[in-house]
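In mature numbering (1 follows the signal peptide of the UniProt record, and there is no 0), the protein residues as written are -22 to -1, 1 to 663.
Written out as structure tokens, the structure is:
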């Protein structure tokens, strides 16, 4: 095919993908859940794995590695699925690999799936970044983008009662045309670099982990099956209102395909007891004296989830059942406030990463349980899925535990803002909304993090992306996390307020002459905020600027966030603030990189946040970061990003105790049974 360099592999992907049977289906289907009509088989475990040669990216396609087990085409190693492949071995080349990686494994399907005329679906929770999936040598589907599920109907490609082969080819190369973006830099100086030498750089500050990161399942459905379920909820007095819309599919051929299909709903409470029923594929269910979904520490029973048992049947006797969790709650927002169930909402949370030793971004159930235990220990009620959609297993836990989510796309550090990138961004948001649309924990969509939104094309770009996201889901506010320096824009805002009074007074004194003012400073615009429902801003006062000068934090924070609201008349919150600290490094008085400095910086920020809260439009605070995480190597990142309040192994730094004290006290302001923990008084003085 002629693609000899790594930076060309995405072009190669297009040429290879032309032969797949379906490409980039718009979503990954309902999450695989067992029922009386559905079987689920996990393919997690140890797969065979090998890399394409660095300077022959297409070798696997040219030699058709997918047509037989990988072990027959060359040496393979065992690779854990789910996991990132980067940190599994002692091989530096594997850790730093850019390009194609290949996985395969054998699996067995029973003969009865064929005799029972079952539809069989293969589903990957995510594979990063580009992927092509084969079963028994047949190329079934391709998908661009990590972090979202991939689905393929494999019914007709299986050998029933025998072993089958699934092969997945994955490419982690990022370019200015991908989301997120990256750049491949070739080094052509033969006196300094070997032939073909290149480097991958990124527009973000975390490791570009690659691999099959989330569970792989095979599941069955009848020939008439539940394809999708849309749920919205409302509250009417003491009653909950569930509005549902069920779509169904059919794999039958001939007259039976167009036969009549019926739907029925059965609502169960958290104990599994019957609450009420309904008929029809669209409709409304009224739940008398409903138990509402509340965030953690806003109720004695946070995260209350009903189960809607959806049934679809046809005249041929096919019956499909799917259990879908439902949380009844409402969201509201205006120019100053967020509400949940008509109660004012203040977000106490963290920015996070899917990141841990050895497994990288791979789903780890023990880690999920640990992280939510720590969030609740902190008194947090929310987090942002920075900077990409998180695993559905994490989202399930958030629903269950009453932890609110700002659900973010992988569009981190974007620049360029051309039409092709915009269309891809909109497609990603459609996939994300489609996956998470029914989750009560998701209270806001974030279309991206820290774009170069001072570039003029960002105005139309973000208007289109935000409006498209609102069209996909009008029930939640939409935001984008901003980091562009707004001082010029804010200065103009202050100029308008101040000088409008001066000009008016001058005109009153002499209405016969025009009034002007000579300016000598250009205005730098920020183009994204005007489209957003809630303005989220990342700010690191006394860390990236005025380093070491903790005394300026309160003034600078209050000034800027007040002016964001003044300029746009929208709720504002701080989505990132903080400082790095090395565990066990102590300095008194506080010094940068010490645990004391990180803790004192937080306390100075708290003083600003409390004053902003009193103004009525400041709706939340999220520390950066929940835990230390891996980054590309660099002289400013000693072993990764150290801004975590927990270490990478989830042990608390001093900052974690400080934040715990604050969050439980904040919860006591609005609620109920949150007992503020003891804190180290030496930290607070």
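Positions of the beta carbon are idealized from the N, C-alpha and C atoms, including for glycine.
Residue i and residue j closer than 8 angstroms at C-beta
i           : j           : result
residue 584 : residue 638 : no
residue 229 : residue 260 : no
residue 578 : residue 564 : no
residue 204 : residue 300 : yes
residue 196 : residue 304 : no
residue 59  : residue 94  : no
residue 624 : residue 605 : yes
residue 410 : residue 387 : yes
residue 30  : residue 77  : yes
residue 66  : residue 336 : yes
residue 211 : residue 219 : yes
residue 51  : residue 43  : yes
residue 455 : residue 311 : yes
residue 366 : residue 440 : no
residue 381 : residue 356 : no
residue 360 : residue 394 : no
residue 329 : residue 602 : yes
residue 245 : residue 284 : yes
Identity of the residue in the options nearest residue i by Cα
i           : options            : result
residue 25  : 146, 437, 277      : 146
residue 428 : 307, 405, 391, 455 : 391
residue 425 : 435, 372, 384      : 384
residue 419 : 14, 363, 393, 440  : 363
residue 191 : 106, 287, 140, 142 : 106
residue 568 : 455, 141, 632      : 632
residue 128 : 55, 108, 264       : 108
residue 460 : 356, 272, 555, 378 : 555
residue 545 : 438, 162, 512      : 512
residue 206 : 423, 527, 9        : 9
residue 102 : 91, 86, 514, 81    : 81
residue 670 : 251, 248, 180, 265 : The chain is shown only over -22 to 663; residue 670 falls outside these bounds and no answer can be derived.
residue 586 : 634, 531, 603      : 531
residue 451 : 309, 116, 351      : 309
residue 344 : 372, 317, 607, 528 : 372
residue 180 : 600, 150, 167, 268 : 150
Cβ neighbours of residue i in the same chain (closer than 7 angstroms, five flanking residues each side left out)
i           : result
residue 137 : 114
residue 63  : 27, 57, 72, 79, 188, 189
residue 609 : 183, 184, 185, 615, 618, 619
residue 443 : 400, 403, 404, 407, 425
residue 131 : 97, 99
residue 651 : Because the pLDDT of residue 651 is 46, which lies under 50, any placement of that residue in the model is unreliable, and the question is left without a value.
Residue i - partner residues in DSSP beta bridges
i           : result
residue 599 : 326, 552
residue 57  : 25
residue 121 : 109
residue 161 : 179
residue 260 : 223
residue 361 : 328, 383
residue 197 : 18, 99
residue 423 : 385, 456
residue 243 : 256, 288
residue 378 : Partner(s): none; residue 378 has no beta bridge.
Contacting residues, own chain, Cβ-Cβ under 6 angstroms from residue i (five flanking each side not counted)
i           : result
residue 539 : 550, 590
residue 521 : 557
residue 594 : 314
residue 140 : none
residue 289 : 242, 299
residue 45  : 115
residue 462 : 431, 432, 504
Where the alpha helix (DSSP H) containing residue i begins and where it ends
i           : result
residue 407 : 397 to 414
residue 129 : Looking at the DSSP string, residue 129 is not in any alpha helix (DSSP H); the run it does join, the beta strand (DSSP E), is 128 to 131.
residue 96  : Where residue 96 is concerned, there is no enclosing alpha helix (DSSP H), given that its DSSP letter is neither H nor E.
residue 347 : 343 to 356
residue 574 : 573 to 592
residue 457 : First-last for residue 457: 456 to 460, but that is the beta strand (DSSP E), not the alpha helix (DSSP H).
residue 443 : 436 to 450
residue 542 : 531 to 546
residue 50  : Where residue 50 is concerned, there is no enclosing alpha helix (DSSP H), given that its DSSP letter is neither H nor E.
residue 71  : 70 to 73
First through last residue of the beta strand (DSSP E) which encompasses residue i
i           : result
residue 223 : 217 to 228
residue 255 : 252 to 257
residue 310 : 309 to 311
residue 208 : 202 to 214
residue 85  : 78 to 86
residue 303 : 297 to 304
residue 148 : 141 to 149
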